[in-house]
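So that you can map any letter, position 9 of the sequence shown is 9 in full-length UniProt numbering, and since no number is skipped, the others follow by simple counting.
No residue lacks a Cβ here, since even glycine has one placed at the ideal position from N, Cα and C.
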Amino acid sequence: MTCGHCAMTITNELATLEGVISVKVDHTAGNAVVEAEGVSNEQLSEAVAEAGYTATEFIELNA
């Protein structure tokens, strides 16, 4: 992921998942923060793959 367009592509794909509340992708840091309910890591990974990228790590944060 090298630019804002890359980040927008991933954001748009993740936002299509039912249960996703918010998405923030930072192309500079190379990461995404997704707030969601009832969405698996596999679903997130598949959405990132649909955008043409690879998700490599998931860190779950509980609010």
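Presumed contact (8 Å Cβ cut-off) between residue i and residue j, rounded CB distance
i: His27; j: Thr2; result: 7 Å
i: Glu37; j: Ser22; result: Not confirmed; about 11 Å, so no contact.
Cα-Cα separation between residue i and residue j, rounded to whole angstroms
i: Asn41; j: Phe58; result: 7 Å
i: Lys24; j: Glu50; result: 17 Å
i: Leu17; j: Glu46; result: 10 Å
i: His5; j: Tyr53; result: 13 Å
Beta-carbon gap between residue i and residue j smaller than 8 Å
i: Leu61; j: Ala32; result: no
i: Val20; j: Val39; result: yes
i: Ala55; j: Leu44; result: yes
- Of all the alpha helix (DSSP H) runs that stay within the bounds of the UniProt domain "HMA" (1–56), which reach a length of 4 or more residues? With a minimum length of 4 residues, the continuous alpha helix (DSSP H) runs that stay inside the UniProt domain "HMA" (1–56) are 4–15 and 41–50.
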